[in-house]
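Student: Residues in the sequence shown are numbered consecutively from -16, following the numbering used here.
The beta-carbon is built from N, C-alpha and C at its ideal position, and this holds for glycine as well.
Let me begin by handing over the structure; questions about it come next.
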Amino acid sequence: MVETKVLTETSVFGQVAEYQHEQVVFCHDHETGLRAIIGIHNTVLGPALGGTRMWHYTSEAEALNDVLRLSRGMTYKAAISGLNLGGGKAVIIGDAKTMKTEALLRKFGRFVQNLNGKYITAEDVNMTTKDMEYIRMETKHVSGLPESMGGSGDPSPVTAYGTYMGMKAAAKKAFGSDSLQGKRIAVQGVGHVGTYLLEYLQKEGAQLVLTDYYEDRALQAGARFSAKVVGLDEIYDQEVDIYSPCALGATLNDDTLRRLKCQVVAGCANNQLADENVHGPALVKQGIIYAPDFLINAGGLINVCSEVQGGNRQSVMTQTERIYDITTQVLAKAEQEGSHPQAAATRQAEERIAAIGKVKSTY
Ligand code: NAD
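This is the structure we're talking about:
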């Protein structure tokens, strides 16, 4: 998600209008129990691409809000990365442990197929490669498939590389050099992306501190990367140069901001700012350089895009490397405008959509 503003609208069309979605599809099937929502935010640049998440939402309103926020975020992520993709996302309402069946997934696949390629799905929270194989049986509009099925495989290493590039660009702005040699870096969450990121940081000779929800995972990573392991809440109080959120969203909030002692925040987690309009400016005030999340974690999307629109590992890595330059531009732009990096990145994405929209206005 790009923006965490509190919605003022509560009606369905009111929310759709506020986020400016093109289309929202409600999918229902009595036999399988399928209840899903597909959010298509913007297709000016290309087909709306974004994963399908299955979650036991406590209300339908919560599910709708999630799909609207997430699909909008995908629009900005694609636009700022120079991809010819729009933003979309889908949510399936229900407990993935008890409700997910082959029939339900294939029924969902048929709804995706009905959109004729306007929406392309992929894996997200609580969806596995096997689930995508079922969806693929009913629609060809699926991406992020395993390499054995001709897909682009695990996006995490590419996401980590882009995050590393964004972190270096932010370090250059903060410290005058993009070398991470000797820099003290706190990594929150050592899952798929976090672990690949640690490999880059260790290679550069950074001094690492880490934490993870799973203690064994944290200890293992600590031993592997010669890192200090700290408790879940202690990560915010570390005397470090860079804080790298690689677990959850909203970790930059009223409680944590006053505790941070770093000069740079750069991580792969989505939706790091609890409220972008409050915590974006607050970081600037504290003298902390923030590398916008949807910009520096776009490597995974760049990887998936290669599967849909063509490309190979080399072109994917080259394009992901550009995150360094785009981050540099965005940070300079924010400073010139007296705004904050997340706002500057959002505006840059919107400007590209508007400009390309005009290009496409004639046949
Ligand atoms: P993951 O589930 O593999 O790793 C997340 C890790 O964070 C896990 O090890 C988990 O135990 C840990 N964690 C959870 N809560 C925590 C807490 N409170 N404190 C510390 N650690 C905690 O996920 P991932 O694929 O590595 O993705 C990490 C983040 O990056 C997510 O926010 C994801 O949305 C975002 N992201 C991932 C990709 C990708 O390519 N995988 C792309 C873009 C964005």
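Taking C-beta to C-beta, are Cys229 and Gly177 nearer than 8 Å?
Tutor: yes
Student: Answer with buried or exposed for Ser160, where buried requires no fewer than 16 other C-beta atoms within 10 angstroms of its C-beta.
Tutor: exposed
Student: Can you check whether the CB of Asp195 is closer than 8 Å to the CB of Gly172?
Tutor: yes
Student: Does DSSP put Asn48 in a helix, a strand or coil?
Tutor: helix
Student: Just the Cα atoms here: how many angstroms apart are Glu290 and Pro129?
Tutor: 11 Å
Student: Considering only heavy atoms of the ligand NAD, does any lie closer than 7 Å to the CB of Thr194?
Tutor: yes
Student: Just checking my contact of Leu347 with Tyr219 at CB under 8 Å: how many whole Å lie between their CB atoms?
Tutor: Lying outside -16 to 346, the shown extent of the chain, residue 347 is not represented and no answer is given.
Student: Could you tell me which residues DSSP pairs with Ile225 in its beta bridges?
Tutor: Ile168 and Val247
Student: What are the start and end residues of each continuous alpha helix (DSSP H) run of 4 or more residues lying completely inside the region 52 to 116, in chain order?
Tutor: 79 to 82 and 85 to 97
Student: Use the C-beta contact count for Ala332: other C-beta atoms within 10 angstroms, 16 or more gives buried, fewer gives exposed.
Tutor: Buried, because 16 or more other Cβ atoms sit within 10 Å of the Cβ of Ala332.
Student: Could you have a look at Arg11 and say whether DSSP puts it in helix, strand or coil?
Tutor: The amino acid at residue 11 is misidentified as Arg; the sequence shows His. Correct three-state label for His11: strand.
Student: Near Leu266, which residues of its chain fall below 6 Å by C-beta distance, leaving aside the five closest residues on each side in sequence?
Tutor: So the list reads Tyr273, once near-sequence residues are dropped.
Student: Which residue or residues does DSSP assign as beta-bridge partners of Tyr219?
Tutor: In the DSSP secondary-structure assignment, Tyr219 is not bridged to any residue.
Student: Does the Cβ of His24 have 16 or more other Cβ atoms within 10 Å, making it buried, or fewer, making it exposed?
Tutor: buried
Student: Is Arg52 near the ligand NAD, with its Cβ less than 7 Å from a heavy atom?
Tutor: no
Student: Would you identify the three-state DSSP class for Glu334, choosing helix, strand or coil?
Tutor: helix
Student: For Leu231, is the beta carbon positioned less than 7 Å from some heavy atom of the ligand NAD?
Tutor: yes
Student: Indicate, with yes or no, if the ligand NAD has a heavy atom lying under 7 Å from the CB of Val176.
Tutor: yes
Student: Of the choices Arg296, Val287 and Ile279, whose alpha-carbon is the least far from that of Val313?
Tutor: Ile279
Student: Measure how close the beta-carbons of Ala143 and Thr311 come, nearest whole angstrom, since I'm counting them as under 8 Å.
Tutor: Between Thr311 and Ala143 the Cβ distance is about 19 Å, and since that is not below 8 Å, they are no contact.
Student: Going by the DSSP bridge assignment, what does Val192 pair with across the sheet?
Tutor: According to DSSP, which records beta bridges pairwise, Val192 is partnered with Ala169 and Lys211.
Student: Rounded to a whole number of angstroms, what is the C-alpha to C-alpha distance between His175 and Thr345?
Tutor: 44 Å
Student: Any idea which residues DSSP pairs Ala31 with across the strands?
Tutor: Gly69 and Tyr102
Student: Hey, how far is the Cα of Glu187 from the Cα of Leu98?
Tutor: 46 Å
Student: Which residue or residues does DSSP assign as beta-bridge partners of Ile21?
Tutor: Val8 and Ala73
Student: Determine the contact status of His39 and Gly77, defining contact as a CB-CB distance below 8 Å.
Tutor: yes
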